[in-house]
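4 protein chains.
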Amino acid sequence: MKIRIGIIGASGYTGLELARLVALHPKFELTCITAKKYAGVKISELYPSLLGFCDLVLEEYDESVVSEKCDAVLLGLPSGESMKVALKLYENGIPIVDLSADLRFEDANNYEYWYGLKHLCPEISRVAVYGLPELYRNEINDAKVVANPGCYPTAALIALYPALKASLCGSTIIIDAKSGISGAGRQLTLETHFPQAADTISPYKVSGHRHLGEIESEIKKIVKVDNPQIVFVPHLVPMNRGILCTIYVPLRNEINIDEIREIYEGEYKNELFVRLLDKGIYPSTKSVQGSNFAHVSFELSHDRKTLVLMSAIDNLVKGAAGQAIQNLNIMLGIYEGEGLLWPGVFP
Amino acid sequence: MKIRIGIIGASGYTGLELARLVALHPKFELTCITAKKYAGVKISELYPSLLGFCDLVLEEYDESVVSEKCDAVLLGLPSGESMKVALKLYENGIPIVDLSADLRFEDANNYEYWYGLKHLCPEISRVAVYGLPELYRNEINDAKVVANPGCYPTAALIALYPALKASLCGSTIIIDAKSGISGAGRQLTLETHFPQAADTISPYKVSGHRHLGEIESEIKKIVKVDNPQIVFVPHLVPMNRGILCTIYVPLRNEINIDEIREIYEGEYKNELFVRLLDKGIYPSTKSVQGSNFAHVSFELSHDRKTLVLMSAIDNLVKGAAGQAIQNLNIMLGIYEGEGLLWPGVFP
Amino acid sequence: MKIRIGIIGASGYTGLELARLVALHPKFELTCITAKKYAGVKISELYPSLLGFCDLVLEEYDESVVSEKCDAVLLGLPSGESMKVALKLYENGIPIVDLSADLRFEDANNYEYWYGLKHLCPEISRVAVYGLPELYRNEINDAKVVANPGCYPTAALIALYPALKASLCGSTIIIDAKSGISGAGRQLTLETHFPQAADTISPYKVSGHRHLGEIESEIKKIVKVDNPQIVFVPHLVPMNRGILCTIYVPLRNEINIDEIREIYEGEYKNELFVRLLDKGIYPSTKSVQGSNFAHVSFELSHDRKTLVLMSAIDNLVKGAAGQAIQNLNIMLGIYEGEGLLWPGVFP
Amino acid sequence: MKIRIGIIGASGYTGLELARLVALHPKFELTCITAKKYAGVKISELYPSLLGFCDLVLEEYDESVVSEKCDAVLLGLPSGESMKVALKLYENGIPIVDLSADLRFEDANNYEYWYGLKHLCPEISRVAVYGLPELYRNEINDAKVVANPGCYPTAALIALYPALKASLCGSTIIIDAKSGISGAGRQLTLETHFPQAADTISPYKVSGHRHLGEIESEIKKIVKVDNPQIVFVPHLVPMNRGILCTIYVPLRNEINIDEIREIYEGEYKNELFVRLLDKGIYPSTKSVQGSNFAHVSFELSHDRKTLVLMSAIDNLVKGAAGQAIQNLNIMLGIYEGEGLLWPGVFP
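Residue numbers (my numbering), protein chains in the order written: chain V, 1 to 347; chain S, 348 to 694; chain H, 695 to 1041; chain W, 1042 to 1388.
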C-alpha cells in the first residue's frame, strides 16, 4: 500500500513540482492538495502539464481532513503561513517537510530578525532538522519535522561544505548568485513581468537578502565560528529555472587543484545527487533542468590565491520540491533516490 | 533480461533525447551508441545532464558490431545518411526505427523530389511503416522497419486527422507552424546563432519546406484525394523546445463546437499521448516540455466559417525521440507507454 | 520655438516610448506628462533609460493645465479612458493623437460591439482620421484628431493594402499574428508573468480579438465589400518587442512573383517607413527593433495558389508611439520623418 | 563638409554597430567599409536593419584605397588582425581607433602573454592611448591612435575608478561579470548556439580570461601598485546585449554610503555617459540597451565591510562601437556627445 501524501499550498510552482514528483513516485500517492485561492479548481486546469497525472481538486486547508487523509505532508505555503499549521500537524504526529523558511532557524529570534515576523512555534523550530541530506542525513532520518532549505542556501552550501570542513577558507567569502525567474514564485510583481525581466540581468536585495541569514547560520554550524564573514548578492537572470552560484573563497594556504579535487571527491563521491564535473567543465543550469542534481566544479583564480566554487541546481527541484521528496524518503526509511533519479532535460 | 538497444547517430539533440529515454526505460538497455565526429568521447562529456545515467563512449559505426550488440536500433542519423545503413540492418533482421526522412515516403521519387538526393534503398521505403501510432498502430505492430515522422508533420497530422477523417475540410488548409530552435539541430548555422535567433521571430522556407511533402503524402492517404491543397509556413521562435501548429481549415459545412469536440473525443479519448484541452484553453508548448504528449484544441473563427486547430508537442520527444520509443514499444509488443509516461516540465 | 507636447497617460510602455521619441525630436519639447497612479514620481525613476533625457515629474491629469501647457497632445491612456478626455481637448482646439482604440471606429456602434463599452463621444469618433499615413496621409494632414491604429492592424494592413487595392484576393484571408510580450502592456497578468511567458508560445483570443474588428473595418474601406472574410489569430511569443504577421491570401487569379513585386513597389517605393525586402529575405522582428519601419515581403506558396505576405514592426514604435509621432508630424506640417529616422537596433 | 570615415572589418556585430552610429552622426560620412569574407555584399543585405541608412558594399581591404577615401578609420578587426594594418595607416597619418585588443597594452610583452601572439608593431602599442575617456580624456585629445577598451574592462573600470582613486580598496577585488551573447561575436560556436545558450547561465574561462590582463594593467596605472589582486570571472547570460559587473571591494576603512556617493559624484557628475543611479536602484542591462551610457550604483554589504559596485553597459555600444565614436569625437575636436546622445531602448 502506498504512503498517502498531502501537499499544503499546492498552487504555486513549488506545489506544482511537488505534485509532479509525487505523481512519479512509485511508493507515494497524492491524496490531498490545498490552496486557498484556488479551492475547487483542478490543479491540472492551472497546469495542463499535469493532465492525466494529477487531476485532484484543490481544497481549502482543513486540519482534520489532512490529518485523516495523509500519512505525511509537504508544506508548500509561503513563509509566515507554514508556522500557522505546522504545530497542530506536528502534535498529530504526522511527518512534515516544510518548504518555507519558518522552521529553518533553530533560534526563532534569528528568524524574526530576517523575516520581520513574530514566530508562532519556536519549539518546532528548535526540533526541526535542516533538510540538507548531504550534511544532515542521520538527523533527517530520525526527524519528525524537516525544514527544507532555501534554494540559494542549497546551492551555496553544497559548493562550500567540503572547503569549509577542510578549513581551506580565509577571510570573507563572496557568494554571487544568479537565479531563474521561477525562483520568485507565481506571485505577480513588476520585477517578474516579462518585459521587465527578459533580455536583461540585474542584482537585487544587495545589502541583505533573507537567505544570507540562513547561509550564515549553517556556516556557523560547519566551521564553529561566531561571525562568518559572508557577502551574498543575488541576481535575476532571464531564464525559467536554475540557480548558479559563483563563490569566491580566499585560500588560507596555498593548495593545488588536485588536492582540492581529492577533498571534494572524498566528501561527495557516494552522494546520489551531487556530481563533480570533470576538470575544465563548468556548471550550466540547463544541464540540471527538471532534475534533483547539483553540479559542482572548482577552479583556482589566475593568481592561485582564490578558490572559485561553482554550483548549479534547479531551484524548483534540488532547491525545493525534489529535495523535499529526498528528505521525505529519508524520514520514511525509503531509498533516498526513490522517484527522483531523472536526468536533466537538456537543451 | 533487457532488450539491447543501439543508437546510431547519437551525438545530436535527438540522440541525446533517445539516450535519456532509453536510460529511463525499464525494459531497455543501451548497449551501443555511435557518432563519427565524436568517436571515443563519452556522451556524458558532451551532455553532462546524462552523467550517471549514460556514460557510454561514442563509437564509429560498424555494422557487425551493432548487429551483434543490439536487439533493435534507433537511427538518429541525418537524412541522406540513414539509408546508407538501413538496408544491411534490415537484412540482418534487426527491428529499426529511423528518425530521418529517408524512409518516410512510400514512393522514393517523392523523396528524391523533396530531398534532392538519389534514394539508395527504395525497397525499404516501400515496406517501412509511417510511425504515427495514433494513425497506424496496427501496421507498426507488424513492422520490421518504421519511419519515424518529422516533427512538424507529427504536430500537424495529429491536429488534422479527426477533422480530415470526418470530412469537415473544404478547400485550402493553412498550416502556420512555430518551432523552437532545437528543431534545427546541433549543427551551427547563422540562423541558430543566439544573437540572431533570440528575442525575434521570423518565417523560413516559405515556399516549400520539405515537411510539406511529407504532410501532403500523409493527408492523401487519409482523405484519398489527388492533390490536397496545403500551405505550410514554418517559423523560428526564440525558445528551446516545442512546436505549435495553428491550422486553418475552411469548413465544408456549418458545424458547432460541441460537434467538433465529439469528433475529436471519439478519435482520441483512448489515446495515451494525445490530450484534448478543455474549452477555452489553448496549447502552450511549455506544458509538454520534455514529455511525449500532444496537446490539442480547436476553436471556431469569429465568423464560424473556419475551424482553427491548435496543437503543441515537444519537437525532440513526441516530434522525434519519444515517438521513436513509442513505436519501438509497439513493434516489440511492449506496453506502448512504457518508459514514456512523464508529465511535461513546467515552467 | 519648439512645439510643446503633452503625453496623457505616460507611465506605460507606450508612454515611455512616446517620451523617448519626443525627447529625440528636434522640433518638439515635452512640457507635461500625466499618470494617475504615479503622480509625483519622476518618469526617469520608473524608467532609468530616460535619465537625462526626460526627468519630468508625472502629474495628475488636469484639463486646464494641459490645455495651457501644450500645443498638441498624445493620448497614451487605455481604451475606455481616452474618450473621457478627448472631447474637451478637441473643443479647446488642441491637435490630438489618441493611441487608444476609442476613436478608431467611425461608427461608435462598432466600437461598442468590440469593446463592450458605451461610447462617450461618438461625434469625435466620426471626425477622427485613422492614422495610417501610408493609406490616409492627406486626411491626416487636415485632421484635428487622429486615431492611432492598433499594433496588429498596422502590421496587417501595411502588408495587405497593395494586394487588396490590386484586387488580388479571393475568399478568406488568414492573418496569423505573433506578438512580443510588451504588446500586452505594463499591467501585471499571469499571461505576461515571466515563468509563464518565457520559452513557450501560445495562441490567445482565437475566436475574436478586438483588433479583428478594426482590421475588418479598414479592409471594408479599401475593398468596398460588406463582409470581408478575415480570420485573425494572435500569439504570444517570448520576446520583448515586435509583431510579425504571416498573412495567407488566396489568389483570385494566377500571378507571378515579379508582378506582385511591381504592385508592392508601385505602392511603397516612396514610403519613408515601409521597406520591401529583397527576394528570399523574410522579415525578422529584431531588424526593426526600436525603429519606426515596417519590413514587408511576399512569397507564393508551393502550389502558387496562395500569396503569403509577411510584415514585421516594432509594436511600440510603428505599432504605437512612433506612428503617433509620424501622424503628429503630418498634422503639424512638419517633415514626416522628423525625429523618427533611426535604424533598428540589431541584434 | 563631413569627415570621411572608414570601417575596417565591418561585417561583425561591432562593425554593424559602428555603421549604425556613423550613419546617425551629423558630422561623419561613411565612405569605406571592408570585410574579407563578404567582399561584394551590401552590408544592408547582411543586416536589413541598415536598409536606407547604410547600403554600402563591403570591399576587400586595400590600404591605398582606404588612405585615400578616409579621413579617419575605425578598426573592427579581430585581435591579431588589427596590428597587421595599423602601422601603415598610422604612418600615413590617419587617425585610428582600434577596437581590437592589439594596441591596448603599452608593453607588448604583456599582450603576447595574454594573447599568445607575436606583436607586430610594439611601437604603436607604446604610443596608443587607452581609450577610456572618463580616465584619459586629455591624452585621447592629443592622440593619433587610440586603443578602444574591451567591453568587460570598460564596465569594470568605470565602476572601480573612483573607489580606487579614493584608496577605499583593501586586498583582493572580485569582479563577477555577466555578458550577453553578442559579446562573443558573430562567429559560430557551440557556446553561442541558441539551444546551448538560451535559458541557462554558466561561467567560462574562470582561471584567466584575457580581459583580466587588461583590467590589471589599467588598475596598476590608477593605484600605482605592482600586483593588484584581482579575480575576474565572466559568465554567459541568455540575453543579446549588455554587461553587468558586480564588484566586491573589501573596504580598507569603515565608510558610510553617503561618503561613497560623494566620492562617486565628485568624479562623475559632469560625465556625459556615466549615470549614478539613485539610492536603492540597481543597474539593469536593458536600461542601457542600444545606448552609450554606463549605469553605476554601489551598496554596502550587510556587514558593511565590503563595498559592492555594480555597473551596466551595452557591450556593443559603450563596450565597443559607441565608445569608439566617443573617442573619435574627442580626437577630432568635435563635441564628445555628438551623434551618441540616444537613450536606451527599454524594454
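Cβ atoms here follow ideal geometry from the backbone N, Cα and C, with glycine treated the same way.
Using 8 Å as the cut-off, can you tell me whether the region 1121-1139 of chain W makes contact with the region 1157-1166 of chain W, which would need three or more C-beta pairs spanning the two stretches below that distance?
yes
For I459 of chain S, the first and last residue of its enclosing alpha helix (DSSP H)
In the sequence under discussion, the amino acid at residue 459 of chain S is Glu, which differs from the Ile named in the question. Counting along the chain, the alpha helix (DSSP H) containing E459 of chain S begins and ends at 455-462.
Integer-rounded CB distance, given that I727 of chain H should sit under 8 Å from A717 of chain H:
In fact, because the Cβ distance is near 11 Å, the residues do not count as touching under 8 Å.
Checking contacts by CB at 8 Å: is D893 of chain H closer than that to chain V?
yes
Rounded to whole angstroms, what's the CA-CA distance from H558 of chain S to V237 of chain V? Just pull it up for me.
36 Å
Any chain V beta carbon closer than 8 Å to A702 of chain S
The first residue shown for chain S is 348 and the last is 694, placing residue 702 of chain S beyond what the model contains.
Could you give the C-beta distance for L619 of chain S and G684 of chain S, rounded to a whole number, given that I count them as a contact under 8 Å?
5 Å
E407 of chain S by DSSP, collapsed to three states: which one?
coil
Using beta carbons (cut-off 8 Å, strictly below), is Y264 of chain V in contact with chain S?
no
Inter-residue Cα distance where the pair is E948 of chain H and I628 of chain S
39 Å
Would you mind working out which of V:K165, V:Y61, V:G319 sits nearest N148 of chain V, comparing C-alpha positions?
Of V:K165, V:Y61, V:G319, the residue nearest in Cα terms is V:G319.
Could you pull the DSSP bridge partners for T1075 of chain W from this structure?
W:I1049, W:E1100
What are the start and end residues of each continuous alpha helix (DSSP H) run of 4 or more residues lying completely inside the region 541-574 of chain S, in chain order?
541-544, 557-570
Answer with yes or no whether the minimum CB distance from Y1054 of chain W to chain H is below 8 Å.
yes
Pull up the CB-CB distance for A159 of chain V and I247 of chain V, whole angstroms please, since I reckon it's below 8 Å.
6 Å
Proximal residues of chain V, C-beta to C-beta of S911 of chain H below 9 Å:
Those within 9 Å of S911 of chain H in chain V number zero; the least Cβ separation is about 29 Å.
Does the CB of P695 of chain S have a neighbour CB from chain V at under 8 Å?
Residue numbering for chain S in the displayed model covers 348 to 694; residue 695 of chain S lies beyond these limits and cannot be assessed.
Return yes when the Cβ of G703 of chain H is within less than 8 Å of the Cβ of V767 of chain H, no when it is not.
no
Would you decide whether V900 of chain H is buried or exposed? Buried here means 16 or more other CB atoms lie within 10 Å of its CB.
buried
Run through the region 580-625 of chain S for me and flag every whole alpha helix (DSSP H) of 4 or more residues, listed as ranges in chain order.
As far as the region 580-625 of chain S is concerned, its whole alpha helix (DSSP H) runs of at least 4 residues are 604-615.
Within 8 Å (strictly less), CB to CB, does L1057 of chain W reach chain C?
Among the protein chains in the structure shown, which are V, S, H and W, there is no chain C.
Counting only Cβ pairs nearer than 9 Å, list the residues of chain H close to F1094 of chain W.
L1035, W1036, P1037
Give the secondary structure of I1214 of chain W by DSSP, where H, G and I count as helix, E and B as strand, and everything else as coil.
strand
Neighbourhood of F452 of chain S by C-beta distance below 8 Å, restricted to the same chain and skipping five residues each side:
Contacts found: Y458, W461, S472, G560, E561, S564.
Going by other Cβ atoms of all chains shown within 10 Å of its Cβ, with 16 needed for buried, is E481 of chain S buried or exposed?
buried
The alpha helix (DSSP H) that contains L297 of chain V, what's its start and end?
In the sequence on display, residue 297 of chain V carries Ser and not Leu. That residue, S297 of chain V, is in no alpha helix (DSSP H); its beta strand (DSSP E) goes 294-300.
Chain V within 8 Å of Y394 of chain S, Cβ atoms only
yes
Distance, Cα to Cα, K1185 of chain W vs G1331 of chain W?
28 Å
Along the region 1278-1292 of chain W, where does the CB come closer than 8 Å to a CB of chain S? Name the residues.
When CB distances to chain S are screened at a threshold of 8 Å, the residues of the region 1278-1292 of chain W falling below it are P1279, M1280, N1281, in chain order.
Rounded C-beta distance between H313 of chain V and A155 of chain V? I'm assuming under 8 Å.
According to the sequence provided, residue 313 of chain V is Ile. The question's His does not apply to it. Indeed they touch by this definition, with Cβ atoms about 5 Å apart.
Please confirm if R370 of chain S has its CB atom under 8 Å from at least one CB of chain V.
Checking the sequence shown, residue 370 of chain S turns out to be Ala, not Arg. Chain V, which has a Cβ nearer than 8 Å to the Cβ of A370 of chain S, makes this yes.
Interface flag, I1298 of chain W vs chain S, CB-CB below 8 Å
no
What does DSSP give as the partner residue(s) for T653 of chain S in the beta ladder?
S:P597
Using the three-state DSSP reduction, which class does I1271 of chain W fall into: helix, strand or coil?
strand
Looking at the structure shown, is E1032 of chain H part of a helix, part of a strand, or coil, going by DSSP?
coil
Contact set between the region 1220-1250 of chain W and chain H, restricted to residues whose Cβ is under 8 Å from the partner
Listed in chain order, the positions of the region 1220-1250 of chain W with a beta carbon within less than 8 Å of a beta carbon of chain H are S1223, A1239, D1240.
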